[in-house]
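Under my numbering, the first residue of the first sequence is numbered 99, with each subsequent residue one higher.
Ideal placement from N, C-alpha and C gives every residue a C-beta, glycine not left out.
The structure appears below as C-alpha cells.
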Amino acid sequence: MLWSRYFLPTLKETPIGVEAMSHQYLLRAGLVHMLTSGVYSYLPLGLKVLRRIEHIIREEMNRAGAVELFLPCLQPIELWKQTGRDEVLKDVLIRFTDNRGRAMCLGPTHEEVITDLVKNYVQSYRQLPVVLYQIQTKFRDELRTRFGIVRACEFIMKDAYSFDRDPEGLKKNYRLMYEAYQNIFRRCGLDAVIIEADSGAMGGDTSHEFLVTAPIGEDTILRCPSCQSCCSVSGDRGEGAKCSKCRQGVLKGEVAIELGHIFQLGTKYSQAQHAQFLDEDGKQKPMIMGCYGIGVSRVIAAIIEKHHDERGIRWPHEVAPFDVTIVPLPAGTEAAEIMDLANRYYKDLTTAGYDILLDDRPETAGVKFNDADLIGIPVRIIIGKRNLADGKVEIKDRRTNEALLVDKNTLPRKLSEILKGTSCLKN
RNA sequence: CGGAGCGUAGCGCAGUUGGCUAGCGCACUUGAAUGGGGUUCAAGAGGUCGACGGUUCAAAUCCGUCCGCUCCGACCA
Numbered sequence: 099m100l101w102s103r104y105f106l107p108t109l110k111e112t113p114i115g116v117e118a119m120s121h122q123y124l125l126r127a128g129l130v131h132m133l134t135s136g137v138y139s140y141l142p143l144g145l146k147v148l149r150r151i152e153h154i155i156r157e158e159m160n161r162a163g164a165v166e167l168f169l170p171c172l173q174p175i176e177l178w179k180q181t182g183r184d185e186v187l188k189d190v191l192i193r194f195t196d197n198r199g200r201a202m203c204l205g206p207t208h209e210e211v212i213t214d215l216v217k218n219y220v221q222s223y224r225q226l227p228v229v230l231y232q233i234q235t236k237f238r239d240e241l242r243t244r245f246g247i248v249r250a251c252e253f254i255m256k257d258a259y260s261f262d263r264d265p266e267g268l269k270k271n272y273r274l275m276y277e278a279y280q281n282i283f284r285r286c287g288l289d290a291v292i293i294e295a296d297s298g299a300m301g302g303d304t305s306h307e308f309l310v311t312a313p314i315g316e317d318t319i320l321r322c323p324s325c326q327s328c329c330s331v332s333g334d335r336g337e338g339a340k341c342s343k344c345r346q347g348v349l350k351g352e353v354a355i356e357l358g359h360i361f362q363l364g365t366k367y368s369q370a371q372h373a374q375f376l377d378e379d380g381k382q383k384p385m386i387m388g389c390y391g392i393g394v395s396r397v398i399a400a401i402i403e404k405h406h407d408e409r410g411i412r413w414p415h416e417v418a419p420f421d422v423t424i425v426p427l428p429a430g431t432e433a434a435e436i437m438d439l440a441n442r443y444y445k446d447l448t449t450a451g452y453d454i455l456l457d458d459r460p461e462t463a464g465v466k467f468n469d470a471d472l473i474g475i476p477v478r479i480i481i482g483k484r485n486l487a488d489g490k491v492e493i494k495d496r497r498t499n500e501a502l503l504v505d506k507n508t509l510p511r512k513l514s515e516i517l518k519g520t521s522c523l524k525n
C-alpha cells in the first residue's frame with residue numbers, strides 16, 4: 099500500500115477529553131473515528147488490525163471444531179420473551195417498532211437466535227454436538243460509554259455456541275474453547291488472566307473470564323504475589339486476604355479488562371425455547387449448551403494498552419496492520435535513485451507475500467519517522483542518501499529500537515530471514 | 001440515572017467585567033529554500049462562536065431552556 103493513496107489520517111495532538119492511552123493512540127494513529135458517544139467508525143488501518151485479530155480467532159475456532167455462520171442483528175422481541183430476557187436486558191436492548199408494527203430489537207447477544215435456529219435442524223442425538231460461531235456487531239444501549247471502544251454501544255464480538263447431548267460433551271467443548279482462548283490471546287500478544295466468574299445474566303453454572311490487567315479495566319482481580327495465581331473479588335475474599343492456593347501470599351488487587359467470557363449454560367435456553375433432541379433411549383431431552391464470547395474490538399484496545407511507548411503503538415507482529423513500512427527519504431540528486439529503490443523493495447516484498455506500507459509522501463524525515471513510530475509497524479526500512487552512499491539501507495525494529503545497516507542488494511533476503519524469525523536484528 | 005467539567009475553523013486552544021472586521025498554533029492551498037526526528041520564509045483559503053429563545057443601541061461574552069461530549073459513581077453478558 100502506498101501511503102499517499104491510503105486513508106491514514108494521523109493526529110499530532112490528542113483530541114480533547116481522551117484519557118485512556120489506548121483511546122488516544124486509536125485516534126491519533128488513524129485507527130478509529132468517533133461518530134457519537136459509544137459509536138465508532140473503523141478507518142482502514144484499524145480495520146486491518148481488526149481483520150488480523152479476526153483471522154487468529156477464526157483459525158483457533160476452526161481448530162477447536164467450531165463452524166462459522168452469520169446471524170442477524172435484527173431480532174423480534176417475541177424471541178426474547180421466550181427466555182424472559184426482554185426484561186432482564188431491558189436497559190441494554192435497543193428496541194424499535196418497524197413499519198409493519200412489529201416489536202424489534204438490535205441483537206445485544208445471540209443465545210436466543212442460535213437456539214431457535216439449531217432446534218429447527220437438530221432432532222437426533224446423532225446430529226450432536228453442534229458448535230457454531232460468528233463474528234458480528236452487537237448493540238447495547240450503554241448508559242455510560244467508557245474509554246472509546248472499550249465500552250461502546252456498537253461493538254464487534256466473536257460469539258460461539260455449543261450444543262451437546264450430555265454434560266460430558268459440554269465439558270469437552272468447553273475445554274476446547276478454553277484452550278482456543280488461551281491460544282488466541284497469546285497470539286495477540288496478551289497475557290490473559292483466567293478466573294472463575296459469576297455467570298450473571300447469562301445463567302448456567304461454570305464460567306471463566308479472560309482478563310488482561312490494564313488501567314482501562316472495569317474489573318478488579320486479586321493476584322497472589324507469591325504464586326501468581328489470580329481470583330476474583332468476592333464477599334469473603336478481598337485485597338489483603340491470604341492466598342487460598344499457596345497459603346503464603348497476601349492477595350493484591352489489580353485493575354483488569356474483561357476480553358473473553360465462556361459459560362457452561364446447561365439447559366437454560368434449550369428448555370425455555372424447547373430445543374430438544376431424541377436421545378438413544380427414545381426420550382426427548384433438552385440440548386446442553388455452552389456459549390463463548392470475545393470482545394474483538396476491545397482486544398484492540400487491550401493490545402495497545404500493553405504494547406506502546408511514549409511515541410506510539412508497538413504492534414505484536416501477528417496483529418500488526420502491515421508487516422513492514424518502507425520509509426524513503428528522497429533528497430537532492432539521489433532522490434530518484436532512493437525512490438526507485440523503495441519502489442523496487444515494495445514490489446519485491448509484496449510479491450513475496452508481505453504486507454507493505456510505503457511512505458511515499460513528500461514529507462520531511464521527522465514527519466515520516468514520527469508517523470511511523472505512532473502507527474507502530476514492527477519493521478521499518480529507511481532509505482536515505484547518507485547510508486546509500488555506502489550502498490546500505492537501514493532496518494529498524496519498532497519494539498526494541500534496534501537498527502541494522504545492510505547492503506542494499508541483500509536487504510530483501512535479510513528481511514525475509516527476520517520476518518520468518520530465522521534471524522534477528524542483532525546479528 | 002446521580003455528581004463534576006467542557007462545547008469558538010479538521011485538531012489543540014485564547015478571547016467571556018457586553019463594544020472596531022472573532023484571534024493564535026498545527027493541519028490545508030500556492031511559491032521558494034531545505035532534505036535522517038514534527039525544517040524555514042512569504043502569500044492565501046477556511047467560522048451557523050453547540051442549538052433555540054430572552055435582555056440590550058450592541059451578545060462568543062449576560063439570563064433561560066435544550067442538545068452534545070468527557071470524567072467519577074451506579075449498572076454491566
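Cβ-based neighbour list, residue i, same chain, cut-off 7 Å, excluding 5 preceding and 5 following
{"i": "Gly-489", "result": "Asp-505 and Lys-506"}
{"i": "Ser-139", "result": "Val-130, His-131 and Leu-133"}
{"i": "Gly-430", "result": "Lys-483"}
{"i": "Ser-102", "result": "Asp-458 and Arg-459"}
Sub-8 Å separation of residue i and residue j beta-carbons
{"i": "Ala-339", "j": "Lys-404", "result": "no"}
{"i": "Leu-230", "j": "Ala-258", "result": "yes"}
{"i": "Val-220", "j": "Ile-398", "result": "no"}
{"i": "Asp-469", "j": "Pro-510", "result": "no"}
{"i": "Gln-369", "j": "Gly-388", "result": "no"}
{"i": "Leu-100", "j": "Asp-458", "result": "yes"}
{"i": "Pro-170", "j": "Val-211", "result": "yes"}
{"i": "Ile-401", "j": "Val-422", "result": "no"}
{"i": "Leu-167", "j": "Gln-232", "result": "yes"}
{"i": "Gly-410", "j": "Ala-164", "result": "no"}
{"i": "Asp-495", "j": "Leu-523", "result": "yes"}
{"i": "Asp-303", "j": "Gly-364", "result": "yes"}
{"i": "Cys-203", "j": "Ile-175", "result": "yes"}
Spatial neighbours of residue i in its chain, beta-carbon cut-off 6 Å, leaving aside the 5 residues before and after
{"i": "Ile-480", "result": "Val-425 and Glu-492"}
{"i": "His-359", "result": "Glu-307 and Gly-391"}
{"i": "Phe-105", "result": "Pro-142"}
{"i": "Ser-521", "result": "Glu-515"}
{"i": "Leu-502", "result": "Ile-493 and Leu-523"}
{"i": "Asn-281", "result": "Glu-158"}
{"i": "Asp-184", "result": "Ile-175 and Trp-178"}
Limits of the alpha helix (DSSP H) - the one that residue i falls within
{"i": "Leu-268", "result": "265-285"}
{"i": "His-372", "result": "Per DSSP, His-372 belongs to no alpha helix (DSSP H) and is neither H nor E."}
{"i": "Pro-510", "result": "509-517"}
{"i": "Arg-442", "result": "433-449"}
{"i": "Glu-176", "result": "175-181"}
{"i": "Leu-217", "result": "A quick correction: the sequence has Lys, not Leu, at residue 217. Its alpha helix (DSSP H) spans residues 209-219."}
Enclosing beta strand (DSSP E) for residue i [first to last residue]
{"i": "Ser-120", "result": "Unbroken run through Ser-120 is the alpha helix (DSSP H), 119-126; no beta strand (DSSP E)."}
{"i": "Arg-161", "result": "From DSSP, Arg-161 is part of no beta strand (DSSP E) but of the alpha helix (DSSP H) over 142-161."}
{"i": "Met-202", "result": "201-204"}
{"i": "Leu-486", "result": "That residue, Leu-486, is in no beta strand (DSSP E); its alpha helix (DSSP H) goes 483-486."}
{"i": "Pro-426", "result": "422-427"}
{"i": "Val-394", "result": "Note, Val-394: premise wrong, no beta strand (DSSP E); alpha helix (DSSP H) at 394-404."}
{"i": "Ala-470", "result": "Here Ala-470 belongs to no beta strand (DSSP E); instead the alpha helix (DSSP H) covers 463-473."}
{"i": "Arg-244", "result": "Looking at the DSSP string, Arg-244 is not in any beta strand (DSSP E), and its letter there is neither H nor E."}
{"i": "His-415", "result": "No beta strand (DSSP E) contains His-415, which DSSP labels as neither H nor E."}
{"i": "Val-353", "result": "350-364"}
{"i": "Phe-105", "result": "Where Phe-105 is concerned, there is no enclosing beta strand (DSSP E), given that its DSSP letter is neither H nor E."}
{"i": "Thr-235", "result": "228-237"}
{"i": "Phe-168", "result": "Note, Phe-168: premise wrong, no beta strand (DSSP E); not H, not E."}
{"i": "Tyr-542", "result": "Because the chain here runs from 99 to 525, residue 542 falls outside it and cannot be looked at."}
{"i": "Thr-195", "result": "192-195"}
{"i": "Met-99", "result": "Looking at the DSSP string, Met-99 is not in any beta strand (DSSP E), and its letter there is neither H nor E."}
{"i": "Asp-455", "result": "Per the sequence presented here, residue 455 reads as Leu, with Asp not at that position. Looking at the DSSP string, the run of the beta strand (DSSP E) that includes Leu-455 is 454-456."}
CB-CB length for residue i against residue j, believed under 8 Å
{"i": "Pro-206", "j": "Phe-245", "result": "Not quite, the Cβ-Cβ distance comes to about 19 Å (not below 8 Å), so this is no contact."}
{"i": "Trp-413", "j": "Gly-451", "result": "Wrong, their Cβ atoms sit about 18 Å apart, outside the cutoff."}
{"i": "Leu-109", "j": "Leu-125", "result": "6 Å"}
{"i": "Lys-217", "j": "Ala-373", "result": "4 Å"}
{"i": "Ser-120", "j": "Ile-254", "result": "With 8 Å as the limit, Ser-120 and Ile-254 do not qualify as a contact, their Cβ atoms being about 16 Å apart."}
{"i": "Leu-427", "j": "Gly-482", "result": "4 Å"}
{"i": "Ala-278", "j": "Ala-162", "result": "4 Å"}
{"i": "Ala-295", "j": "Ser-330", "result": "6 Å"}
Neighbourhood of residue i by C-beta, 8 Å cutoff - its chain only, sequence neighbours within 5 removed
{"i": "Glu-240", "result": "Gly-136, Val-190, Arg-249, Ala-250 and Cys-251"}
{"i": "Arg-263", "result": "Tyr-223, Leu-226, Pro-227, Phe-375, Asp-377, Lys-383, Met-385 and Ile-386"}
{"i": "Asn-525", "result": "The predicted model places Asn-525 with a pLDDT of 46, which falls under 50 and marks its position as unreliable, so this point remains unresolved."}
{"i": "Arg-242", "result": "Arg-249"}
Measuring CB atoms only, is the segment 286-295 touching the segment 308-315, in the sense that at least three cross pairs come out at less than 8 Å? Yes: the two stretches touch, three or more of their Cβ pairs being nearer than 8 Å.
Check whether the segment 428-448 touches the segment 341-357, taking contact to mean three or more Cβ pairs, one atom from each stretch, closer than 8 Å. In short, these stretches do not touch, since the Cβ pair count stays below three.
Three or more beta-carbon pairs under 8 Å between the segment 315-325 and the segment 343-350, yes or no? Yes: at least three Cβ pairs fall under 8 Å.
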